[in-house]
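Asks: Just passing along the structure, written as structure tokens.
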Amino acid sequence: MRAVVFAYHNVGVRCLKVLLAGGVDIALVVTHEDNPQEAIWFESVVQLCQAEGIAYVTPPDARSPELLAQVQAAQPDVLFSFYYRHMLPADLLGVAPAYNMHGSLLPQFRGRAPVNWAVLHGASETGATLHAMTVKPDAGAIVAQTAVPILPDDTAFEVFGKVTVAAEQTLWRILPALQDGTAAMLPNDLRQGGYFGGRKPEDGRIDWTLPAQQVYNLHRAVAPPYPGAFTDIGAARYVIGKARLSGHAPANLPPGLAVIDGNIVGVCGDGRLLAISELLAGDTQVSATQLQQQLTTSFSTH
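Residue numbers are given in this note's numbering: position 47 of the sequence shown equals residue 47, and the series is strictly consecutive.
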């Protein structure tokens, strides 16, 4: 099997390694230049290609005629997309049968940032799905999928690690059937689940009037190394690094950050608390004493 692979991130690295181990001839890898504005906490597809001597390109646009010509010239039997960030246009998808690895149990959580959305919505499981690619995202027939649990205190970063392993397992299990043409296609019922868009740092702003479970799910969904759930006090911005659900707040405490018995907490709309063991201002951890000073200053100026 001769393949052109569109890949990025940890899933891209691990699935490329599966293809290499399975004897696939990788004619070309299409990946991304790292964004200097983004915290890069994941493995590098470029470094893997350099180590393995695989030809790669990093075009800014997947719709360019130059890229189409390069993919056609590679004469692939199959295209794979493993966490490549751009949609592949119809002319590219027409070169060869194409398969995408998606980080959810399709048809659930179609679209962008599926792991983050699953955690935000309190899902108890997710996984990885290999599916046939169509112009409509995450809509093609399902080839194989593997489920992983989302434990009550898992962050999206922890779940993404499980999904990466699930992607590797899914591809490893189905690759022989893809190579000999016996892989079965299962329906992807788009009446179930739904589409979700990309997330921006501003989406991490905390509404403390919400119930504690919803605030906690937001924290888990965007906890570092993602930008984090945040709240502003005056001109100061505080990001929750680590937190757990806790008990109930003393009466008459308003929603928001507070210090109780020398500990930082978040008071939520249902009266429950988040016990915050790491609160950050930029890259600096904030102590309970420092937060209390900020709260006192902010209160006195209002």
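All C-beta atoms in this analysis are idealised placements derived from N, C-alpha and C, irrespective of residue type, glycine included.
Between Phe230 and Val267, what straight-line distance do the alpha-carbon atoms span, to the nearest angstrom?
Replies: Distance between the alpha carbons of Phe230 and Val267: 14 Å.
Asks: Nearest-angstrom Cα distance between Pro89 and His32?
Replies: One C-alpha to the other measures close to 17 Å.
Asks: Mind checking which residues open and close the alpha helix (DSSP H) that includes His9?
Replies: Run containing His9: His9 to Ala21, per the alpha helix (DSSP H) assignment.
Asks: Between the beta-carbon of Ile264 and the beta-carbon of Ala281, is there less than 7 Å?
Replies: Not closer than 7 Å, so no.
Asks: How would you write the range of the beta strand (DSSP E) that Asp304 sits in, first residue to last?
Replies: The structure shown has nothing for residue 304, since the chain only spans 1 to 302.
Asks: Pop quiz: Val119 and Arg220 are said to be a contact at Cβ under 8 Å. What is the actual Cβ separation, rounded to whole angstroms?
Replies: That pair is a contact at about 5 Å.
Asks: Who pairs with Phe42 in a beta bridge, going by DSSP?
Replies: In DSSP, Phe42 forms no bridge with anything.
Asks: Looking at Val45: is its Cβ nearer than 7 Å to the Cβ of Val11?
Replies: Cβ distance not < 7 Å, so Val45 and Val11 don't count as in contact.
Asks: For Ser298, does the three-state DSSP call read helix, strand or coil?
Replies: DSSP places Ser298 in helix when its eight states are reduced to three.
Asks: Decide if Leu186 is buried, meaning its Cβ has at least 16 other Cβ atoms within 10 Å, or exposed.
Replies: Result: exposed.
Asks: Where does Asn100 fall in DSSP's three states?
Replies: It is a strand residue.
Asks: Let me know the alpha helix (DSSP H) ranges lying completely inside the segment 105-168, each 4 residues or longer, listed in chain order.
Replies: Those alpha helix (DSSP H) runs which fall completely within the segment 105-168 and span 4+ residues are 114-120.
Asks: Which stretch, first to last residue, makes up the beta strand (DSSP E) that contains Val305?
Replies: There is no way to answer for residue 305, as the model of the chain reaches only from 1 to 302.
Asks: Roughly how many angstroms separate the alpha carbons of Leu253 and Gln292, rounded to a whole number?
Replies: One C-alpha to the other measures close to 14 Å.
Asks: For the structure I just gave you, are there three or more beta carbon pairs, one from the segment 163-177 and one from the segment 83-103, closer than 8 Å?
Replies: They touch, by the three-pair rule.
Asks: Please say whether Gly122 and Pro211 have beta carbons closer to each other than 7 Å?
Replies: No, the pair does not count as a contact, with Cβ atoms beyond the cut-off.
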